[in-house]
Amino acid sequence: FSINPYTQDGKDLILKMDRARVKFNWYNPFEPVPIKDIWPNKDVNTQTGTTTTVLELNWINKDIPVDSAWAGIMRSTVSFPDQKKTKYIELWVKGTTGRVNIDIGHISEDYWVRGVNFRGLPSLGNLNTEDVNFNTLLDEGEDVGIDGIPDGQPGDDPDDNFVGPEDAIKQNLPHPFYRINGTEGNGDPEKGVQGVRAPDTEDLNGDGDVNTQNDYFAYSFDLADENNPYIKGRTSAGWRLYRIPIRDYDFKVGNPDTNFQEIFYVRLWLNNLEPDGEFHTIQIATFDFVGNEWEEKGLALTDTSNFQKSDTLFTLDVYNTEENVEAVEGGPEPYHSPPNVTGIVDRITRARSKEQSLVLRMKHLPAGGKVEALKQLNSSINMINYGKLKMFVHGDWMLPKDDPPLEFFIRFGPTEQVYYEYTEPVYPHWDERNNIEIDFKELTDTKQEKYLLADSANGLPVFFREDPNYPGKTFKVVGYPSLHKVNYFVIGVRNKGTQDLQDIEVWVDELRVTDVERESGNAMRLSANLQMADVGQVNASWELVDDNFRRLEQKYANQKGPSGFTRLRQIYNSNFRLNKFLPQFLKVEIPVHFKYDRNVQVPKYYYNSDRRTFFRPDNMFDRVKTFLGLNALSPELEANSNISESRSFGFSFKRKNEQRDPWYLKYSINRLNLSVNFVQVHRSSPTQKRQ
Numbered sequence: 019f020s021i022n023p024y025t026q027d028g029k030d031l032i033l034k035m036d037r038a039r040v041k042f043n044w045y046n047p048f049e050p051v052p053i054k055d056i057w058p059n060k061d062v063n064t065q066t067g068t069t070t071t072v073l074e075l076n077w078i079n080k081d082i083p084v085d086s087a088w089a090g091i092m093r094s095t096v097s098f099p100d101q102k103k104t105k106y107i108e109l110w111v112k113g114t115t116g117r118v119n120i121d122i123g124h125i126s127e128d129y130w131v132r133g134v135n136f137r138g139l140p141s142l143g144n145l146n147t148e149d150v151n152f153n154t155l156l157d158e159g160e161d162v163g164i165d166g167i168p169d170g171q172p173g174d175d176p177d178d179n180f181v182g183p184e185d186a187i188k189q190n191l192p193h194p195f196y197r198i199n200g201t202e203g204n205g206d207p208e209k210g211v212q213g214v215r216a217p218d219t220e221d222l223n224g225d226g227d228v229n230t231q232n233d234y235f236a237y238s239f240d241l242a243d244e245n246n247p248y249i250k251g252r253t254s255a256g257w258r259l260y261r262i263p264i265r266d267y268d269f270k271v272g273n274p275d276t277n278f279q280e281i282f283y284v285r286l287w288l289n290n291l292e293p294d295g296e297f298h299t300i301q302i303a304t305f306d307f308v309g310n311e312w313e314e315k316g317l318a319l320t321d322t323s324n325f326q327k328s329d330t331l332f333t334l335d336v337y338n339t340e341e342n343v344e345a346v347e348g349g350p351e352p353y354h355s356p357p358n359v360t361g362i363v364d365r366i367t368r369a370r371s372k373e374q375s376l377v378l379r380m381k382h383l384p385a386g387g388k389v390e391a392l393k394q395l396n397s398s399i400n401m402i403n404y405g406k407l408k409m410f411v412h413g414d415w416m417l418p419k420d421d422p423p424l425e426f427f428i429r430f431g432p433t434e435q436v437y438y439e440y441t442e443p444v445y446p447h448w449d450e451r452n453n454i455e456i457d458f459k460e461l462t463d464t465k466q467e468k469y470l471l472a473d474s475a476n477g478l479p480v481f482f483r484e485d486p487n488y489p490g491k492t493f494k495v496v497g498y499p500s501l502h503k504v505n506y507f508v509i510g511v512r513n514k515g516t517q518d519l520q521d522i523e524v525w526v527d528e529l530r531v532t533d534v535e536r537e538s539g540n541a542m543r544l545s546a547n548l549q550m551a552d553v554g555q556v557n558a559s560w561e562l563v564d565d566n567f568r569r570l571e572q573k574y575a576n577q578k579g580p581s582g583f584t585r586l587r588q589i590y591n592s593n594f595r596l597n598k599f600l601p602q603f604l605k606v607e608i609p610v611h612f613k614y615d616r617n618v619q620v621p622k623y624y625y626n627s628d629r630r631t632f633f634r635p636d637n638m639f640d641r642v643k644t645f646l647g648l649n650a651l652s653p654e655l656e657a658n659s660n661i662s663e664s665r666s667f668g669f670s671f672k673r674k675n676e677q678r679d680p681w682y683l684k685y686s687i688n689r690l691n692l693s694v695n696f697v698q699v700h701r702s703s704p705t706q707k708r709q
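The sequence shown begins at 19 in our numbering and counts up one residue at a time.
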């Protein structure tokens, strides 16, 4: 329910609830907790440290009725409010007394409601702060507590004085941390205070005022319930892992953002606190919002129906070697890594990190239905320099060993309408038959006319064939995707059987590209020059540069620039002086030149495709023939290549002017200067016919 703090009834109820707070403290205990107590399978050593600091919550209820007693803490999450991709609220907790409540969203900061504030205004509904000067600094005389009243003056809260653990023991207080959270005097270094000296304030988000908005989601679990469905792990030392689906809230107050992008506060509070006059403690090792790069698309009843998104049908999870290796009664198969797969060993600490898998959990998968999960990439990736895509797939232990009803598929491409897809049957456990190994050459070769299906998808061509390397597994290509540009991945499971399936899991691990391109590239250049005295000369040059040739500073040959082609070039150039064959007394000059230039760029991949042309001479003889331009291209290669061919021919005529020439030669033939040039150029490319 929601309380209106601006009505008298609302104010009375708030003050009544304030009086129901039990004595409560939160702190980091003196003794850290052994890491192995919480994560028995975590690899630790003296380099990593063998203990961890936890948050301890301590309370005592002397006489407040159990149905109204409570205590809690809250913090601002204004620096990370967007939890749209969060799947779970996850806590490691030790304790068996009380009920834990968690609220997230917009939550009122107005926790101090007694008396009046430093301005003389009622504390309820107004900002209470030690920062009288509003400079975010703890100035002299400001460390008087959140009540704004110094110790010993009328109206001062007698319980707001800070007392450090050592002084608490000297003063015989009931507990060393009994007044560890006092706000008056907690900025005094002489009292054992460590860290930054800052004024205490209700203004948790730092906007200069007290926020009284209440629009939040509420969750809860009873620590006494050992069979709570939120418990996803436990240890012999009494620690439990609670994993609460963030969208599985108990109720909501007000109108919180259902996209979970306005989670500005988190409040953790306890109730069901018995008035037994005893101190009780719970410890919290971690409190996390846990998300995933993968998002559920949901369940579709058929390949063509729309997806239904519901956690009661299909969810994603993560299992790892630190938290999920112990069997839980009535739970899934204990996690174990794929064969020969382990966590990474830190080079400095030598500790091994946890190894984990993504889990597709189908609570109900009808016959013919499918589930899908999507990973949208922030920017496109280029996989063209790799040979294979691999992944481990683990089938549910309840699946039959032969003829399983489940199919696993992976899809990727530039858009969700244009893509590659690979499908395989799923066998139980980490069966070798489940391993995905997609040969990119075979995948891209599927985009050929002989594999084209008669039907189409949304007007796009569909290609389909069986993987020749792994019978029973299939390639499917919709449209003309390219490995040059991959914007997303989809993984999914399809029930191709005739029976509905319940509580089935599929694990996937180690999605990776392998077989990085290591092909060598060559470049050949040759030039020849023939000089025929003063009659003329002939020059010729040949060049061949493989598509894999790259400079030393390049990691890969550029697949889209000039080095993404095999370049062939032949140039023949000749110059002659024909006047050398005429009588010298004519005194004429007749230079003649001829040039032929052919430049061919054969692409490594067919135009607008990731299918290899594999244009490469098989042996040295063929290479020499290609080098000299004696090998013709196939029609398909010629249509996909950039070809330019030019021929030029020219000559000129001129007679030398001599002093002794008669006047009629000087004013006729000697003034004649004739020049003729002819140039012919042909070009063709995948987008341009020969012209």
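Each residue gets a CB set at the ideal place from its N, CA and C atoms; glycine is no exception.
None of the values given here were measured: they were computed from a predicted structure.
Item: Out of 703, 548 and 224, which has the shortest C-alpha to C-alpha gap to residue 583?; Value: 703
Item: If we ignore side chains and look at the alpha-carbon of each, how far apart do residue 55 and residue 158 end up?; Value: 45 Å
Item: Contact check, residue 368 vs residue 59 under 8 Å by CB: the rounded distance?; Value: Contact flag wrong, Cβ pair sits at about 17 Å.
Item: Just the C-alpha distance for residue 361 and residue 403, rounded to the nearest angstrom, thanks.; Value: 26 Å
Item: Whole angstroms are fine: how far does the CA of residue 272 sit from the CA of residue 232?; Value: 6 Å
Item: According to the neighbour-count rule (16 or more other Cβ atoms, all chains shown, within 10 Å of its Cβ), is residue 706 buried or exposed?; Value: exposed
Item: Can you have a look at residue 456 and say buried or exposed, based on whether 16 or more other CB atoms are within 10 angstroms of its CB?; Value: buried
Item: Using 10 angstroms around the beta-carbon of residue 472, count the other beta-carbons present and answer buried if the total reaches 16, otherwise exposed.; Value: exposed
Item: Below 8 Å, can you find three or more Cβ-Cβ pairs linking the region 183 to 190 to the region 108 to 124?; Value: no
Item: Judging by CA-CA distance, which residue of 489, 692, 263 and 300 is the nearest neighbour of residue 309?; Value: 263
Item: How would you call residue 366, buried or exposed, if buried means at least 16 neighbouring beta carbons within 10 angstroms?; Value: exposed
Item: Work out the CA separation of residue 261 and residue 83 for me, nearest whole Å.; Value: 30 Å
Item: Kindly list the residues whose CB is nearer than 6 Å to the CB of residue 561, restricted to its own chain and excluding five residues on each side of it in sequence; keep chain order.; Value: 543 and 587
Item: What's the gap between the Cα of residue 627 and the Cα of residue 591?; Value: 37 Å
Item: In the structure shown, what three-state DSSP assignment does residue 577 receive?; Value: Low confidence applies to residue 577: its pLDDT is 48, below 50, so where it sits in the model is not reliable, and the reading given next is rough at best. Residue 577: coil per DSSP, three-state reduction.
Item: To the nearest angstrom, how far is it from the Cα of residue 75 to the Cα of residue 352?; Value: 32 Å
Item: What alpha helix (DSSP H) runs, 4 residues minimum, are completely inside the region 425 to 497?; Value: 458 to 463
Item: Which value, in whole angstroms, describes the spacing of the CA atoms of residue 692 and residue 593?; Value: 17 Å
Item: Does DSSP put residue 385 in a helix, a strand or coil?; Value: coil
Item: State the DSSP-derived secondary structure class of residue 641, mapped to helix, strand or coil.; Value: helix
Item: For residue 449, which residues from the same chain have a beta carbon less than 7 Å from its beta carbon, with the 5 sequence-adjacent residues on both sides left out?; Value: 413
Item: Ends of the alpha helix (DSSP H) at residue 35?; Value: 26 to 37
Item: Please determine, among 694, 672 and 690, the residue with the shortest C-alpha to C-alpha distance to residue 666.; Value: 694
Item: Quick check on the DSSP output: what are the complete beta strand (DSSP E) runs of length 3 or more inside the region 64 to 128, in order along the chain?; Value: 73 to 78, 88 to 94, 104 to 112 and 117 to 124
Item: Within a Cβ cutoff of 8 Å, which residues of the same chain sit near residue 312, ignoring the five residues on either side of it in sequence?; Value: 334, 376, 391, 392, 393 and 509
Item: With residue 79 and residue 286 assumed to form a contact (beta carbons below 8 Å), what rounded beta-carbon distance in angstroms separates them?; Value: Their Cβ separation, rounded to whole angstroms, is 17 Å, which puts residue 79 and residue 286 out of contact at 8 Å.
Item: For residue 306, which of helix, strand or coil comes out of DSSP?; Value: strand
Item: Does the distance from the CB of residue 94 to the CB of residue 224 come in under 9 Å?; Value: yes
Item: Which residue comes first and which comes last in the alpha helix (DSSP H) that contains residue 658?; Value: 653 to 658
Item: On the DSSP letters alone, give me the boundaries of the alpha helix (DSSP H) that residue 533 sits inside.; Value: No alpha helix (DSSP H) contains residue 533, which is instead part of the beta strand (DSSP E) from 519 to 534.
Item: Relative to the alpha-carbon of residue 617, which residue among 563, 204 and 630 has its alpha-carbon at the smallest distance?; Value: 563
Item: Less than 9 Å between the beta carbons of residue 131 and residue 221, yes or no?; Value: no
Item: Round the Cβ separation of residue 605 and residue 673 to the nearest angstrom and send it over; I've been treating them as touching at under 8 Å.; Value: 6 Å
Item: Considering only the beta carbon of each residue, do residue 177 and residue 197 sit closer than 9 Å?; Value: yes
Item: Among residues of its own chain, excluding the 5 on either side of residue 289, which ones have a beta-carbon nearer than 6 Å to its beta-carbon?; Value: 88 and 117
Item: Which residue from 430, 524 and 566 puts its Cα closest to that of residue 443?; Value: 524
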